[in-house]
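Engineer:
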Amino acid sequence: GQQVMQIPQYQHVQEGEDFTTYCNSSTTLSNIQWYKQRPGGHPVFLIQLVKSGEVKKQKRLTFQFGEAKKNSSLHITATQTTDVGTYFCAGYSGTYKYIFGTGTRLKVLA
Amino acid sequence: KAGVTQTPRYLIKTRGQQVTLSCSPISGHRSVSWYQQTPGQGLQFLFEYFSETQRNKGNFPGRFSGRQFSNSRSEMNVSTLELGDSALYLCASTLRLGGDLSSGANVLTFGAGSRLTVL
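From first to last, the protein sequence lines are chains A and B.
The working numbering numbers the first residue of the first sequence as 1 and each following residue consecutively.
The working numbering numbers the first residue of the second sequence as 1001 and each following residue consecutively.
1. For chain B, check one thing: does any of its Cβ atoms lie closer than 9 Å to the Cβ of Gly-85 of chain A?
2. Confirm, please, whether the CB-CB distance from Thr-62 of chain A to Thr-77 of chain A is below 9 Å.
3. Going by DSSP, what residues sit across from Lys-57 of chain A in a beta bridge?
4. Are Gln-1068 of chain B and Phe-1050 of chain B touching if we call contact CB-CB under 9 Å?
5. Check this for me: beta carbons of Cys-1091 of chain B and Val-1032 of chain B, under 9 Å apart or not?
6. If you measure between the beta carbons of Val-24 of chain A and Gln-37 of chain A, is that distance less than 9 Å?
7. Please work out which residues of its chain come closer than 6 Å, Cβ to Cβ, to Glu-54 of chain A, disregarding the five sequence neighbours upstream and downstream, and give them in chain order.
8. Between the stretch 1094-1111 of chain B and the stretch 8-25 of chain A, are three or more C-beta pairs nearer than 8 Å?
9. Going along chain B in order, which residues have a C-beta closer than 7 Å to the C-beta of Ile-7 of chain A?
10. Can you tell me whether DSSP reads Thr-86 of chain A as helix, strand or coil?
11. For the beta strand (DSSP E) containing Gln-80 of chain A, list its first residue and its last residue.
12. Can you list the residues of chain B that Lys-56 of chain A reaches, using a CB-CB cut of under 9 Å?
13. Take Gln-1017 of chain B and list the residues in its own chain whose beta-carbon comes closer than 7 Å to its own, dropping the five residues that flank it on each side.
14. Quick check for students: name the residue ranges of the alpha helix (DSSP H) that lie wholly in the stretch 9-33 of chain A, counting only runs of 4 or more.
15. Nearest by alpha-carbon distance to Ser-1070 of chain B: which of B:Pro-1039, B:Glu-1052, B:Val-1078 is it?
16. Would you tell me roughly how many angstroms separate the C-alpha atoms of Gly-1040 of chain B and Ser-1086 of chain B, rounded to the nearest one?
17. Under 9 Å between C-beta atoms, does Asn-31 of chain A make it to chain B?
18. In whole angstroms, what separates the C-alpha of Val-44 of chain A from that of Cys-89 of chain A?
19. Return yes when the Cβ of Gly-1111 of chain B is within less than 9 Å of the Cβ of Thr-1038 of chain B, no when it is not.
20. In angstroms with no decimal places, state the Cα-to-Cα distance between Thr-114 of chain A and Tyr-92 of chain A.
21. Could you pull the start and end residues of the beta strand (DSSP E) that Asn-1077 of chain B belongs to?
22. In chain order, which beta strand (DSSP E) runs of at least 3 residues are fully inside the stretch 1077-1105 of chain B?
23. Which of the residues in the stretch 1071-1090 of chain B, read from start to end, lie with their CB under 7 Å from any CB of chain A?
24. Mind checking if Gly-1104 of chain B is an interface residue toward chain A, Cβ cutoff 9 Å exclusive?
25. Give the DSSP bridge partners of Phe-100 of chain A, in chain order.
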């Protein structure tokens, strides 16, 4: 069945360093969404990408959707302690379900 | 507007018992999806309902079932609980899953979850 993998599984960075998480799907996706889950919380929507090669920015966060629509990345510039949490990608390829990636847990050291 | 409400937030059960979890979606949202979250497996899709119809089901045993009511509220049931069923159960509502995938109608809004512990 469809699988969505994310790397790395964990990332510890010093505050101010950059961070990137990568998402790879075994199948072509119709769209991809990114979510952030703070410790003890629930996933919260960040952004949605639909077009091949699409790039979107939200302040220090940059999201990309691959040309083949099978991979995506999230890059955070100059991390802050408020960026702590687990970042998930979620891919949709039809059939009324989003498949979530395995997640990348980010820890920011002050 | 009110968010997605899940009840109960925490519950403890013993093996062999059954449990029912409830999810009230955002007003106007007609699609409800359920996920199981565990440290080792991440978020695993359980099922999706739209207008009282189950449109998709994940790879879980028949002990896991669900339903949706005419007001879009949804319940899931787990029978004959096993230790491995201990998890955070999350429901998410959307305006309309599928359709125009470039629209915000496909954004999943999650509830706070129901944390189930099976002893």
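Note that the Cβ used here is the ideal one computed from N, Cα and C, for glycine as well.
In this text, all values refer to a predicted model and were calculated from it rather than measured experimentally.
Structural biologist: According to the structure shown:
1. no
2. Taking the C-beta atoms as reference points, Thr-62 of chain A is found nearer than 9 Å to Thr-77 of chain A.
3. A:Thr-62
4. Yes, the Cβ-Cβ distance between Gln-1068 of chain B and Phe-1050 of chain B is below 9 Å.
5. If you check the CB distance, Cys-1091 of chain B and Val-1032 of chain B come in under 9 Å.
6. According to the sequence provided, residue 24 of chain A is Asn. The question's Val does not apply to it. No, these two residues do not count as a Cβ contact at 9 Å.
7. Phe-65
8. When Cβ pairs closer than 8 Å are counted between the two stretches, the stretch 1094-1111 of chain B is seen not to touch the stretch 8-25 of chain A, the count staying below three.
9. None at all; the shortest Cβ gap to chain B is about 13 Å.
10. strand
11. Unbroken run through Gln-80 of chain A: none, as it is neither H nor E.
12. Result: empty, since nearest Cβ-Cβ is about 12 Å, beyond 9 Å.
13. Around Gln-1017 of chain B: Leu-1081.
14. Runs found: none.
15. B:Glu-1052
16. Computed Cα separation, rounded: 12 Å.
17. yes
18. 11 Å
19. no
20. Because chain A in this structure spans residues 1 to 110, residue 114 of chain A falls outside the shown range and cannot be described.
21. 1074-1078
22. Those beta strand (DSSP E) runs which fall completely within the stretch 1077-1105 of chain B and span 3+ residues are 1087-1094.
23. Leu-1090
24. yes
25. A:Ala-90
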